[in-house]
Amino acid sequence: MGAEGAQRRDAVANRQAVIDAATGLLPLDPGAGMQEIADRSGLGRSTVYRHFPTREALFRALLREVIATSGEELEDLLRGQPDLAAGLCDVGDLLVRVGMRYRFLYSHRHEAAPMLNRVGHDPSTPLAEFLAVARGRGEVRSDLPIAWLVCQFIALTIALVGDVITGRVEREGADRLLGDTFIAMTVARA
Numbered sequence: 047m048g049a050e051g052a053q054r055r056d057a058v059a060n061r062q063a064v065i066d067a068a069t070g071l072l073p074l075d076p077g078a079g080m081q082e083i084a085d086r087s088g089l090g091r092s093t094v095y096r097h098f099p100t101r102e103a104l105f106r107a108l109l110r111e112v113i114a115t116s117g118e119e120l121e122d123l124l125r126g127q128p129d130l131a132a133g134l135c136d137v138g139d140l141l142v143r144v145g146m147r148y149r150f151l152y153s154h155r156h157e158a159a160p161m162l163n164r165v166g167h168d169p170s171t172p173l174a175e176f177l178a179v180a181r182g183r184g185e186v187r188s189d190l191p192i193a194w195l196v197c198q199f200i201a202l203t204i205a206l207v208g209d210v211i212t213g214r215v216e217r218e219g220a221d222r223l224l225g226d227t228f229i230a231m232t233v234a235r236a
């Protein structure tokens, strides 16, 4: 049992090494192949393919990793944040930074849709909880479900990243644009 456990830990560590290598390399070289990712991970190409038989399988794992990491970053960002507008501006800034850091995943946004839909409808996510607390203080509109708002934040972030990538929106100020849009659609109307 001990040897099997050690092998399993090695497999998990190798898989994570590939994901870490890909998230480090692909933002710099979106066209990098599996061999370059293997080289960066310090593993053999056959080990990389054992964990990710195709580039698409690797990209699906990267999408899951980015979504999980973003959730952790949002949790840290919003923990104890008492101000709705400041929190939403911070969320806009974080989501634009994450979107631009991992812009190589933009072409895989349709594959991410089911994962992002689950996130948008999960009331225990940091953003949903932040909005629920603010709604309890009367700061968030009561006519729109929180899940709907979170799903729209996700959709707007993806759209904005696409606009920055294609040059329709300047990178400078994109975070403010997103934060201001979040505020405009979320804050309770007097």
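Residue numbers (this note's numbering): 47 to 236.
Beta carbons are placed, not taken as given, at the ideal position from N, Cα and C, and that holds for glycine.
DSSP, read as helix, strand or coil, puts V233 in strand.
Beyond the five residues adjoining it in sequence on each side, G208 comes within less than 7 angstroms, by CB distance, of Y152 in the same chain, given in chain order.
The beta-carbon separation of L89 and V112, rounded to 21 angstroms, does not stay under the 8 angstroms limit for a contact. Membership of L130 in the alpha helix (DSSP H) is indicated by the continuous run L130 to R147. Restricting attention to R96, L104 and H97, the CA atom closest to the CA of A68 is found in L104. Annotation for E216: no alpha helix (DSSP H) segment contains it, and DSSP assigns it neither H nor E. Sequence-distant partners of C197 (beyond 5 residues in either direction) whose C-beta falls short of 6 angstroms from its own C-beta, in its chain, are G166.
Per DSSP, D75 is not a residue of any alpha helix (DSSP H), being assigned neither H nor E.
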